Every structure is written in structure tokens, then in C-alpha cells.
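Protein chains in written order, with our numbering: chain A, 507 to 844; chain B, 2 to 258. Beta carbons: idealized from backbone N, C-alpha and C, even for Gly. This one's a predicted model, so the numbers in the text were calculated from it and none came from an experiment. Since the structure comes first, as C-alpha cells, the remarks are kept for the end.
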């Protein structure tokens, strides 16, 4: 027996069919590639409908202005879903963190300080929500829904539902660095892409990502092998809190204004993006790159439908259709192992 | 052989007034496969959980290479090189082999970034050590694509990661086909050839007879037989012995009633 083993071993590991680099990369990223396919198909459809509008750069610029805000939340949400949880509280955390930013800026401090404040508030609220869910043994679906209402309510009470305008932002260094245009492209797009790349590395090449996968796949086993399952879960909620803070700051800097409802509109599109991107609902696996493409698809639909010359009434119908079609596609594309 | 690798001396365990173990003494020597046999409720699980440090014995001593270890717990069990592969095959099936092997013990730099290459090499080495080599699978393969026997291989590879001296396999061949069982036997033999010891627990006495070199039969918390394979002519002898044990148990219950 040992001889057979040694004989087999004599051949180099390059001969594993699963180890052929390209094949492996395609198999490992098939969910993301599938989402890319959906996006290409959608773009083609829009292009055929109205070639003139879709050949202009402006349309893409407008998508790239708002897409980064979604990206900051979609990629951390992939971690949450992979860990076997869901978060519905990020829109209110978005609002709270950006309120911290606005308050600091309005008080006359440097916007960079405001950004730091937003990050602290967002991450802290995320960790707090996570601790409530994990140590309270609550359903993340229901508990985070409750937190979303409660935090939004707190915002309304605190600010008496008044918005904060910050025209002084336009002259700040923070604006130049984070929100100006670089070669005609909104600067926040570069920051968001940097964030997506960081998240992808964290997800695939870092101990945190590895443990998030295992906790979502088999928490009992993770526990037996000495992984602090509860703490890993709390950390993913902290991470989406951080993402919501970055999104909140990004959005506020685009508009020079903070609104008491800011963040609300992102709940469903962000969640849809994660699943359209190819992360399944059951936990254990997912794709950060796919989530980013999912966000691109979802952000593009509204601009696309109007740009194609169809009535705005088609937007919702199109949203639904894309969500269902991508789910069917991903179901067919990847098997679930038990 | 000077001293045993691990020795259990007069281990008792009671849950309230119920005795799960009533003074078990057994040992494991380096590089041997011990077959632990017993019917449901005989105390096998309690015994291996005590060995793993998960359950504290009511009384008795645990001796590692001649030294009595006090305050036996999971950490000391691990430090003594004991690894238990539980029945439920605690693997994350949607993850790769390498992620399962290094589960909770990821090789990473100070900032937590994984040393992917080292992990792949480590997994490859461990799989080679137990003879788990295949042209179809690599350390990057997803565990869910493997057969039952191969999954046991991953669990065994994980168990020997930290240079375990003794691997406890709890019913590793239950629900496996003949071919898959042969794979698990192959892994166990390779582990033994590398000088490590194995406690093999099984319901299927034929399986245990084939793989083990010494048999320990426990019944109602006591060792009722302990013999090397050279003194047991065939699996049939073991089976008849077990049937005798069951009959005695049955008769005792009749008189109690």
C-alpha cells in the first residue's frame, strides 16, 4: 500500500486536473463569472434598445457616482451572509455614522476628523448589534430589523428630523481626496474599488475570511476546532457597520447634505446585490467580486431602463426579473454540498 | 517496551447514581492499533471523552509515558498528542481540504494573512503520510465532492496535523461501503507505519478485527476482555464472545425484573 502511495506521489502535483490554474480559477469564480455574464447581457440589451445614449460617457459617470456608496455595504454584507447571518440594520447605521460625520463638520472641525468619527460610530453600532444578536441568541433577521427601526427612530428624535447642509465641504481636502473627479471619473469609485479588492483579499486570503467561511459552513465543527464562533459572528456585524459608515460619508460628500432618512433607500438594493452576485443564502460560501458585480447590475438597472428610453414604470419590473433570473442561473451554476 | 504511551488506571465515572464506567484500566503502546469494542451504552463514548479531556473522570489516573497527569483537561489531552475524530465527521463540507485540515489552526503571518503556499504544502504532506494521494483530488478540492472514506481521510489528516501520538477514531467506517472502508483502513495503517497509535472504535466487529492488533471489549463500564490478535483466532470468536456478553446482560435484566 505504501508503495502505491509513493508511486503516485512520484508524479508531480501539477497533474491534478483540479489544479490546472485556469480551470481552477474558472471553477472557483464561476458565480462571479456568471454575474458578469448577466451584466454583459443586460448591457447588450440596453445598447440595442438605444445605441446613442449608451455610447455616451455621461451615463456611465452617473452610475459611477452612486455605485461606490452601494459597494461599501455590499462587500461586507457578503461576509455577513457567508457567516450564516443577515443584517438589515446597516441603513440606520449608515444614517447614524454619517450624522456623526455631519455633526463634526458642522461644528467646524476638519472633515477627516468627521470621517474618523463616522468610522468609530458605525463600527461601534455594528459590533453592538452583533453582540446583541450573538450573545442574546436572537435571530439576526428579526433583531437587526428591530435595530434598524430603533436606530432610525433615535436619529429622528436626536435631530428632530432636520437635515444638515455642509457647503464648506467643497473647499476641504477631504473632498478633493475622496469626492473630486480624477481623469473624469468620480474619485470615490477608485476608493470603492480599492475597498472591494481589500475585501476580496480579506475574504480569501486572511484568517478572518477563512473563519467566516467555516463558521457559516459548520459552526459546531468550528467550535470543536477552537474557533471562537460567537466572536467571529460579532466581528462580521462590526465589519458591515464599518462599511455602512464609509458609505454614509461617501454619500454625504456627494450631496453636501445629510438627511435624516439617508441610507434608507439602500436596504433592498444592497441585499439584492449580494444575492444577484452569486452568494447563496445558506452560508459557508460566497463571492466578494460577484457581490460587486451584483451592485453594478442593480445600480445600472435604473439608469439603464430610463436611458434605453423605456418608461420609469419598467424599473421595478426589471429589478425583479434580474433578481429571479440570476438566482435561477446561480442555482444551476453551483451545487450545494452537504 | 519500557512504558506505555497512554495508560488509563482504574477510571470510574458516575453520572449521579449511575455508573457509566466502573474502573477501567487499559493502555495504548506506540505504533499499535487498539480495537475498542462494546455494545451501545457499554461506556465507549464516555471513555474516549475522558481520554479527550471533555469529561472529567470521577476517579482514576491518566498516565502519559509513565507520568501521572493531574487535572486532565482538553488542553492537556492535546498536549499529550491525543486527537479524537468524532463520529459525526466534523468537517466543513463546502470548504477545501486545506481549509478543513487547518481549521482553527490557520498558518498566518502576524497580521493574519494566510500563508497559502505553506498550508497547501502542509496539507499535501499530511495527505501523503496517510496514503491519501489521488490524481483526482488536490488539497484545493472541496470536501463535499469527496466520498465518505475520503472525508474520513481529511479528518485523519487534520488529526495528525499537530504531531498527534494517538488518534482516536470513533466509528470511522459506519455507513461506509466496502471500498470506502478499505480506504479508511489504508489511512489507519499508514498512520501506524508512521509510528503513531490508533484507537479504533467500531460496531462492525469484522472491521475492528481486520484493522486492530489488540482488542479491548468493554461491557457495562468494565473491561471484560483484552487480548492481542494472536490470541483471537477469527472475528467469529469475538462475535461469539460479544453474543455471550449480551446473553449475560439479558439474563441479569430478567432476574432483576
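I need the straight-line Cα distance from residue 805/A to residue 152/B, nearest angstrom please.
42 Å
Let me check one thing: in DSSP terms, what residues is residue 27/B bridge-paired to?
9/B
Give the range of the beta strand (DSSP E) segment to which residue 220/B is assigned.
215-220
Could you tell me whether the Cβ of residue 714/A comes closer than 8 Å to any Cβ of chain B?
yes
Contacts that residue 732/A makes with chain B (C-beta to C-beta distance below 9 Å)
104, 105 and 106
Residue 719/A versus residue 734/A - alpha carbon distance
13 Å
Can you give me the Cβ contacts of residue 75/B inside the same chain, cut-off strictly under 7 Å, excluding the 5 residues immediately before and after it?
53, 54 and 55
3-residue-minimum beta strand (DSSP E) runs that sit fully inside the segment 706-771 of chain A, ordered along the chain:
none
Taking 8 Å as the threshold (C-beta atoms), are residue 37/B and residue 161/B in contact?
no
Does the Cβ of residue 709/A have 16 or more other Cβ atoms within 10 Å, making it buried, or fewer, making it exposed?
buried
Say whether chain A places a C-beta atom closer than 8 Å to the C-beta of residue 192/B.
no
Residue range of the alpha helix (DSSP H) that residue 256/B falls in?
236-257
Do residue 63/B and residue 73/B come within 8 Å of each other at the CB atom, strictly closer than that value?
yes
Measuring only between beta-carbons, confirm whether residue 719/A sits less than 8 Å from chain B.
yes
Can you pull the DSSP bridge partners for residue 171/B?
202/B
What does DSSP give as the partner residue(s) for residue 97/B in the beta ladder?
143/B
Identify the continuous alpha helix (DSSP H) that holds residue 225/B and give its terminal residues.
Run containing residue 225/B: none in the alpha helix (DSSP H); it sits in the beta strand (DSSP E), 223-229.
Shortest alpha-carbon distance to residue 724/A belongs to which of 554/A, 560/A, 557/A and 588/A?
588/A
Tell me which residue opens and which closes the alpha helix (DSSP H) that residue 619/A is part of.
617-641
Does residue 724/A come within less than 8 Å of chain B when only Cβ atoms are used?
yes
Take the Cβ of residue 781/A as the centre, count every other Cβ of all protein chains shown within 10 Å, and call the residue buried at 16 or more, exposed below.
buried
Please classify residue 247/B as buried or exposed, where buried requires at least 16 neighbouring CB atoms within 10 angstroms.
exposed
Please name the residue in 29/B, 24/B and 97/B whose C-alpha comes closest to that of residue 61/B.
24/B
What does the alpha-carbon distance come out to for the pair residue 550/A and residue 562/A?
15 Å
Within 8 Å of any Cβ in chain A, is that where the Cβ of residue 94/B sits?
yes
Does any residue of chain A bring its CB to less than 8 Å from the CB of residue 143/B?
yes
Contact between the segment 597-611 of chain A and the segment 748-755 of chain A (3+ Cβ pairs under 8 Å)
yes
Decide yes or no for the touch test of the segment 537-544 of chain A against the segment 786-803 of chain A: beta carbon pairs closer than 8 Å, at least 3 of them.
yes
Just by C-beta distance, which residues in the segment 108-124 of chain B are closer than 8 Å to chain A?
109, 113, 114, 115 and 117
Counted within 10 angstroms of its Cβ, other Cβ atoms place residue 832/A as buried (16 or more) or exposed:
buried
Separation of residue 68/B from residue 218/B, as counted between CA atoms
26 Å
Should residue 31/B be counted as a contact of the ligand MG given a C-beta to heavy atom distance under 7 Å?
Judged by which ligands are present, the structure shown has none, so any question about the ligand MG falls away.
Please list the partners that residue 590/A has in chain B, where partner means a Cβ-to-Cβ separation under 8 Å.
Those within 8 Å of residue 590/A in chain B number zero; the least Cβ separation is about 11 Å.
In angstroms with no decimal places, state the Cα-to-Cα distance between residue 142/B and residue 255/B.
54 Å
Beta carbon of residue 654/A, beta carbon of residue 748/A: below 8 Å?
no
Looking at the structure shown, is residue 163/B part of a helix, part of a strand, or coil, going by DSSP?
coil
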